[in-house]
Amino acid sequence: MEKNLPALRIGDLTVNPPIIQGGMGVRVSRSGLAAAVANEGCVGVIASVGLGKFESVPGSEFVSINNEALRAEIRKARSMTKGIIGVNAMVALSNYESLVRTAVDEGIDLIISGAGLPLELPKFVGDKNVKLIPIVSSARALKIICNKWKRNFNKLPDAVIVEGSKAGGHIGYDYQDVVEGKAPLLENLILEVLEVARSLEPEVPVIAAGGVFDGKDIAHFLKLGASGVQMGTRFVCTDECDVHENFKKTYLDAEKEDLVIIKSPVGMPGRAIRSKFVEDIQSGKTKPISCSFRCLKTCDPKSAPYCIAKALAQAAEGNLDDGFVFAGTNAYRCKEIVSVKKLINELVSEAKEYM
Ligand SMILES: Cc1cc2nc3c(=O)[nH]c(=O)nc-3n(C[C@H](O)[C@H](O)[C@H](O)COP(=O)(O)O)c2cc1C
86 MEKNLPALRI GDLTVNPPII QGGMGVRVSR SGLAAAVANE GCVGVIASVG
136 LGKFESVPGS EFVSINNEAL RAEIRKARSM TKGIIGVNAM VALSNYESLV
186 RTAVDEGIDL IISGAGLPLE LPKFVGDKNV KLIPIVSSAR ALKIICNKWK
236 RNFNKLPDAV IVEGSKAGGH IGYDYQDVVE GKAPLLENLI LEVLEVARSL
286 EPEVPVIAAG GVFDGKDIAH FLKLGASGVQ MGTRFVCTDE CDVHENFKKT
336 YLDAEKEDLV IIKSPVGMPG RAIRSKFVED IQSGKTKPIS CSFRCLKTCD
386 PKSAPYCIAK ALAQAAEGNL DDGFVFAGTN AYRCKEIVSV KKLINELVSE
436 AKEYM
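Under the working numbering, the sequence shown has 349 at position 264, and the numbering climbs by one with no breaks.
See below:
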């Protein structure tokens with residue numbers, strides 16, 4: 086099919102259709118999904134968090150095992166596509182710098198970085214041609230990043246992702262506001278961020294994320310002024326998504342009211358699918374932790390009610406009794422597992438209809 090939505094341009098990269106597949110950890114978006122998405126002209130993103138089997142090795146190997154697993158995933162993705170591959174790295178990770186350096190060393194096309202402000206990111210990349218894309222939840226956050234990068238590194242972001250509160254995984258808003266539906270609307274955030282992005286020289290492309298589910302949503306945000314969208318939830322229900330089929334099945338089985346907000350040891354709220362494990366942690370029950378790796382800068386294993394790294398890793402391996410599944414508000418709308426090609430073709434033809 087002819088694909089003629091406006092292309093997303095990130096420096097010298099052309100993304101068409103203008104869709105970024107959101108990085109999804111732990112072990113949800115790896116080389117298989119990223120390469121399939123990149124083969125359609127979009128950006129495929131490997132989530133760098135917890136790729137190594139850290140659960141089964143001594144803590145002293147935590148950093149190296151995750152670096153090597155990331156390296157292997159990037160190489161595998163490259164062997165499957167000539168398209169654009171990015172890595173998602175969360176600022177909150179204690180091994181953030183070494184994951185970024187590994188991705189840069191492997192010649193990654195772009196780094197997407199949220200769960201905190203990536204104020205030092207350009208330092209880890211040096212003069213390599215790697216596009217740097219922060220994820221923000223306000224115009225203020227973008228201003229802070231730009232001021233700091235300009236002053237310290239004479240650099241601006243190559244694009245910015247604005248993530249609203251309907252997203253899956255960790256959400257950059259106050260827990261209570263998210264639970265009560267008081268977090269700002271993505272539409273308003275986009276307009277606010279566009280004002281800042283358009284005042285910069287060169288202008289920074291703005292990408293909308295969080296609750297973008299179908300072609301109509303894509304058209305809506307493009308018409309509002311976004312240059313592209315980032316989508317996570319929708320890509321979980323694809324053949325190529327690397328996660329265990331039990332994980333995908335929780336999406337297919339979910340009802341609207343099963344999408345709930347939890348408190349994460351990352352220090353942010355997160356959106357997950359209701360389960361026994363989720364109900365336990367919501368009601369204040371704790372799950373015993375023995376931590377030898379300290380993966381999060383923000384987590385104190387002595388007081389954390391559960392280990393989120395292990396819970397997410399268990400879910401990714403299909404063991405949903407000892408873990409839980411992150412998902413966006415629209416996960417309950419996923420009705421079948423389709424190929425990435427079919428999904429993207431559908432999204433594009435729908436979006437074109439509404440443009
Ligand atoms: C299962 C899952 C895991 C995620 N993991 C990460 C992550 O590791 N890092 C990150 O920055 N965002 C993460 N996200 C957010 C996505 O990258 C994406 O921005 C978001 O899901 C967009 O909203 P949508 O799911 O409504 O499309 C995750 C989302 C999901 C659903």
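Built from N, CA and C at the ideal position, the CB exists for glycine as well.
Predicted model only: the values in this text are computed from it and were never measured.
For the stretch 342 to 373, the continuous alpha helix (DSSP H) assignments of 4+ residues that do not extend past its boundaries occur at 361 to 367, in sequence order. Look at G96: its beta carbon is at least 7 Å from all of the heavy atoms in ligand 1. By the 16-neighbour rule on beta-carbons within 10 angstroms, K216 is buried.
Ranking T414, G96, I429 and H329 by CA distance to the CA of V263 puts T414 first. In this structure the stretch 100 to 109 touches the stretch 305 to 315; the number of beta carbon pairs closer than 8 Å is three or more. Here P143 is exposed: its Cβ has fewer than 16 other Cβ atoms, across all protein chains shown, within 10 Å. The straight-line gap separating the alpha-carbon atoms of C392 and P350 is approximately 8 Å. Taking all protein chains in view, the Cβ of T99 is surrounded by fewer than 16 other Cβ atoms within 10 Å, so the residue is classified as exposed.
Taking a 10 Å sphere around the C-beta of R319, we find 16 or more other C-beta atoms and assign the residue as buried.
With contact defined as three or more Cβ pairs closer than 8 Å, the stretch 108 to 128 and the stretch 371 to 384 are not in contact. Judged by pairs of C-beta atoms under 8 Å, the stretch 293 to 305 touches the stretch 266 to 282, as three or more such pairs exist. For M165, the enclosing alpha helix (DSSP H) starts and ends at F147 to M165.
By the Cβ-count criterion, D406 is exposed, with fewer than 16 other Cβ atoms from all chains shown falling within 10 Å of its own Cβ. For Q315, the CB falls within less than 7 Å of some heavy atom of ligand 1. In this structure, the straight-line span from the alpha carbon of S183 to that of R379 is close to 15 Å.
Taking C-alpha positions only, E191 is separated from S368 by approximately 43 Å. If you check the CB distance, S424 and D324 come in under 8 Å. Between the beta-carbon of I150 and that of I159 there is about 15 Å, and that puts the pair past the 8 Å contact cut.
In the DSSP assignment, the residues bridged to G254 are R356. In the three-state reduction of the DSSP assignment, P207 falls in the helix class. DSSP places I230 in the helix class (H, G or I) of the three-state scheme. Per DSSP, the beta-bridge partners of Q106 are M316.
Excluding the 5 residues flanking it on each side, I422 has same chain C-beta neighbours closer than 7 Å at C322, T323, D324 and K333, in chain order.
The three-state reading of DSSP puts I193 in coil, since its state is none of H, G, I, E or B. Contact between A120 and M165 holds: CB atoms are separated by about 4 Å, below the 8 Å threshold. Annotation note: the stretch 239 to 292 contains the following uninterrupted beta strand (DSSP E) runs of length 3 or greater, listed N- to C-terminal: 245 to 248.
If you compare the alpha carbons of G168, K167 and G137 with that of R156, the shortest gap goes to G137. Between the alpha carbons of K167 and N214 lies a gap of roughly 17 Å.
According to DSSP, F411 shares a beta bridge with A357. Taking all protein chains in view, the Cβ of P91 is surrounded by fewer than 16 other Cβ atoms within 10 Å, so the residue is classified as exposed. DSSP, read as helix, strand or coil, puts S198 in strand.
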